[in-house]
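Enquirer:
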Amino acid sequence: MKQSHLFTKVRKELPADEVSINAQLLLRAGYIHKEMAGVYAYLPLGWRVMNKVMQVIREEMNVVGGQELFLTSLQDSKKWKDTGRWSDEVIDVWFRTTMANGTEVGLANTHEEAIAQVMINHIHSYKDLPVVAYQFQTKFRNELRAKSGIMRSREFIMKDMYSFSRNKEEHDAFYEKAQQAYINVFERLGIGNVTYFTFASGGSFSQFSHEFQTVSEVGEDTIYIDEEKGIALNKEVYTDEVMEMLGVKKDTLVEKAAVEVGNIFTLGTKYAEALNLSYTDEDGSVNPVFMGSYGIGPGRVMGAIVELLHDDKGIVWPDAIAPFRFHLVNLNKDSVQADSVYDSLQRAGFDVLYDDRSASAGAKLAEADLLGMPYRLVIGSRTGDKVEHTVRKTGKSDLYSVDELISQHA
RNA sequence: CGGGGAUUAGCGCAGUUGGCUAGCGCGCGCCGUUUGGGACGGUGAGGUCCCGGGUUCGAGUCCCGGAUCCCCGACCA
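Here it is as structure tokens:
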């Protein structure tokens, strides 16, 4: 994409009261737009990042048999009454409203009720199980206080996956696969080394739920990490009993602030019983379906990545989710050579942001640092018929011909 | 939901004991000179001083009410 066509512009200054690093950098670089407190729009560059994050997640969910669908944001209050959750005492983050005819509806803050309702029409027999379905959907949560930029917002996209199993054994087998899929996701997103599989409080069908916690100063959670085992305990289960059960010792655990970027949860038959989602088994008995839920917030992941991967000049995107792989910056007066390099890279199938503007060299280079593409390509008086290739993360520079460049990145 | 801070041009800010035509920087338009780390000169456009009342000859400034934003805390199925 030619930068002269990109409508978003970078900014040098930001409101002094916007303190979170992710919001500062993403706003300055034009990745997002703040509509209201805790409500952010994703602009072209930001939406490209979001889509790349979602695509990584999508691929891993598909590997474990997830089928993508798209549920609704407006939700039937009747189903929530059936599960006993249509109440501010139970769920205090609701946005609720009424339709013109007086019918109460909820804006989705989660989709257990909605997906169970769908599955009632499609799950009848043990032969129909297991089923795994997921979506990327907007969630609305009426947080008392939004904070930390896009890390904790009132409207956000969530990947939520639900599993439907015949019994606990079948569920447990899938749960382990889902766990591995999550590990793969965070590994591919470039934060695997600082993201811990974390034990957290469970429900009536399992002692624990599990969270994926990314270590970061801005995190709202406190976790206790066992580096050797590569696991962590959420503060809420940080007890002698749990430590003994997991075989970890108190004096080897390290306390850290962390961001909850994902969580997986055994729901059991709670929702199936309340909503009458059941199947007929081989022996003719009718049983409730055993459910699990698995969430990741792509926006929160994106925010966490910016918090972790930036320097004093700007964002440093990992290859997997950068909006463009290359940022081609032309410093020559004419654009003949740069146009040709741009065409070659495009033909080779690379995502290239091409700074074809007539701004000053300093402005273009500073802006490239802020936007944070992983590889910067400069064409100027010093580069002759070659291209200066600089790795954003390390600052390492080399001169390559276009052919060398393409083969290096193939 | 408790406490603190803020709201003046697209953005960042100044604006004195109430005073006359509300300023500065960035950005933006035009002209010219520049081009490897956010260039320079000239010139120009751009305002619901958050909103609603009130006091006053006169309110960005004082008083009352409200809204929104940010931070700390509580909360986070």
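Note that our numbering has the first sequence beginning at 124, numbered continuously upward. Where a beta carbon is used, it is the ideal one built from N, C-alpha and C, also for glycine.
What beta strand (DSSP E) runs, 3 residues minimum, are completely inside the stretch 178-225?
Expert: DSSP runs (the beta strand (DSSP E)) wholly in the stretch 178-225: 197-199, 218-221.
Enquirer: Indicate whether His333 and Ile246 have their beta-carbon atoms separated by less than 8 Å.
Expert: Their beta carbons are not under 8 Å apart, which means His333 does not touch Ile246 by this criterion.
Enquirer: Is it true that the CB of Thr321 sits closer than 8 Å to the CB of Phe335?
Expert: For Phe335 and Thr321, yes; Cβs fall inside 8 Å.
Enquirer: Return the residue from the list Ala160, Leu150, Gln260, Val179 that minimises the CA-CA distance to Leu166.
Expert: Among Ala160, Leu150, Gln260, Val179, the Cα nearest to that of Leu166 belongs to Leu150.
Enquirer: Within 10 angstroms of the Cβ of Gly495, are there 16 or more other Cβ atoms? Answer buried if so, exposed if not.
Expert: With 16 or more other Cβ atoms within 10 Å, it is buried.
Enquirer: Tell me, please, which residues DSSP counts as bridged to Val338.
Expert: Its beta-bridge partners are Ala381.
Enquirer: Give me the DSSP bridge partner(s) of Tyr285.
Expert: In DSSP, Tyr285 forms a bridge with Ala256, Ser416.
Enquirer: Alpha carbon to alpha carbon, how far is Ala471 from Asp526?
Expert: Roughly 10 Å separates the two Cα atoms.
Enquirer: Would you report the Cα separation of Ala533 and Arg448, rounded to the nearest angstrom?
Expert: One C-alpha to the other measures close to 12 Å.
Enquirer: Determine which residues share a DSSP beta bridge with Lys157 and list them.
Expert: Beta-bridge pairing links Lys157 to Tyr163.
Enquirer: With a threshold of 6 Å on Cβ separation, who are the neighbours of Leu398 within its own chain once the five nearest residues in sequence on each side are excluded?
Expert: Answer for Leu398: Asp205, Ala239, listed in chain order.
Enquirer: Run through DSSP, which three-state label would His512 get?
Expert: DSSP places His512 in strand when its eight states are reduced to three.
Enquirer: Do Gly503 and Phe279 have their C-beta atoms closer together than 8 Å?
Expert: Cβ atoms of Gly503 and Phe279: not closer than 8 Å.
Enquirer: Given a threshold of 16 other Cβ atoms within 10 Å of its Cβ, counted over all protein chains shown, does Leu267 qualify as buried or as exposed?
Expert: The residue in question, Leu267, is exposed, as its Cβ has fewer than 16 Cβ neighbours within 10 Å.
Enquirer: Does Asn307 come out as helix, strand or coil in the three-state DSSP assignment?
Expert: The answer is helix: DSSP assigns Asn307 an H, G or I state.
Enquirer: Leaving out the 5 sequence neighbours to the left and right, which residues in its chain are closer than 6 Å to Phe193 when beta-carbon positions are compared?
Expert: Closer than 6 Å at the Cβ level, and outside the excluded window around Phe193, lie Gln258.
Enquirer: Does the stretch 216-229 come within contact of the stretch 155-171, defined as at least 3 CB pairs closer than 8 Å?
Expert: Touching, no.
Enquirer: If you draw a straight line from the alpha carbon of Ser200 to that of Ile444, how long is it in whole angstroms?
Expert: Cα-Cα distance, rounded: 38 Å.
Enquirer: Label Asp457 either buried or exposed according to how many other C-beta atoms from any shown protein chain fall within 10 Å of its C-beta, with 16 as the threshold for buried.
Expert: Its Cβ having fewer than 16 others within 10 Å, Asp457 is exposed.
Enquirer: Since Asn357 contacts Ala380 with CB under 8 Å, what's their CB separation in whole angstroms?
Expert: Not really, about 12 Å apart at Cβ, beyond 8 Å.
Enquirer: To the nearest angstrom, report how far apart Leu390 and Ser416 are at their CA atoms.
Expert: About 7 Å.
Enquirer: So, does the stretch 401-415 touch the stretch 486-494, judging by three or more C-beta pairs under 8 Å?
Expert: The stretch 401-415, when compared against the stretch 486-494, does not touch it at the 8 Å Cβ threshold.
Enquirer: State the CB to CB distance for the pair Phe263 and Arg275, rounded to an integer number of angstroms; the pair is presumed to be in contact (CB under 8 Å).
Expert: That pair is no contact at about 13 Å.
Enquirer: For a test of your reading of the model: does the CB of Val464 fall under 7 Å from any non-hydrogen atom of the ligand GTP? Yes or no.
Expert: Ligands are entirely absent from the displayed structure, and the ligand GTP is therefore not among its contents.
Enquirer: I need the DSSP call for Lys358, collapsed to helix, strand or coil.
Expert: Residue state, collapsed to three classes: helix.
Enquirer: From Ser248, Val464, Asp295, Lys132, pick the residue whose C-alpha is nearest to that of Gln330; which is it?
Expert: The candidate whose alpha carbon is nearest that of Gln330 is Asp295.
Enquirer: What is the DSSP secondary structure of Asp474, reduced to helix, strand or coil?
Expert: Here Asp474 sits in coil by DSSP.
Enquirer: Looking at Val341 and Ser271, is the spacing between their C-beta atoms short of 8 Å?
Expert: Closer than 8 Å, so yes.
Enquirer: Note down the Cα distance separating Thr337 from Lys373, rounded to an integer number of angstroms.
Expert: Near 21 Å, if we compare the C-alpha coordinates of Lys373 and Thr337.
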